[in-house]
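Scroll down for the structure; my scribbles are underneath it.
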Amino acid sequence: RFLAVQGVYDMLEKGGSKILSVVPQLIIPLKTALNTRNPVIICTMLKILQALVVSGDMIGEALVPYFRQLLPVLNIFINHNLNIGDKIDYNQRKNMNLGGIIAE
Numbered sequence: 017r018f019l020a021v022q023g024v025y026d027m028l029e030k031g032g033s034k035i036l037s038v039v040p041q042l043i044i045p046l047k048t049a050l051n052t053r054n055p056v057i058i059c060t061m062l063k064i065l066q067a068l069v070v071s072g073d074m075i076g077e078a079l080v081p082y083f084r085q086l087l088p089v090l091n092i093f094i095n096h097n098l099n100i101g102d103k104i105d106y107n108q109r110k111n112m113n114l115g116g117i118i119a120e
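Numbered per my numbering, the sequence shown finishes at 120, counting up by one with no gaps.
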């Protein structure tokens with residue numbers, strides 16, 4: 017799992033202008049990962065999606081037509097915040113709060 021995630025980040029870093037042409041092919045794997053409804057997988061996928069959007073010009077605009085496929089699953093988890101009162105949430109260090117990532 018670590019090698020796969022790190023490989024994606026490396027490809028996004030080195031991809032440059034080639035990323036924009038493959039955005040439509042990335043939608044089905046993104047949708048499959050989001051449909052697992054596993055919070056750890058969704059958090060990882062959202063972080064990768066954030067990295068994808070900032071990795072090149074016009075990538076965010078290229079994702080707009082596919083929002084209807086990606087956003088319904090996120091709508092389920094948007095209120096999935098951890099309310100622990102005045103205690104310390106150690107998952108903030110790893111940025112694994114699902115509701116917070118969706119809000120970003």
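Every residue, glycine too, gets a C-beta built ideally from N, C-alpha and C.
Query: The segment 83-90 in contact with the segment 42-53 per 3-pair CB rule at 8 Å; Result: yes
Query: Contact with chain D by Pro55, beta-carbon distance below 8 Å; Result: Checking the listed chains, one finds no chain D in this structure; it contains a single protein chain.
Query: Given Val70 as reference, the closest of Ile35, Leu42, Pro40 once Cα atoms are compared; Result: Ile35
Query: Burial state of Ala3, where buried means 16 or more other Cβ atoms lie within 10 Å; Result: Any answer about residue 3 is impossible in this case: the structure gives the chain only from 17 up to 120.
Query: Coarse secondary structure for Ser71, derived from DSSP in three states; Result: coil
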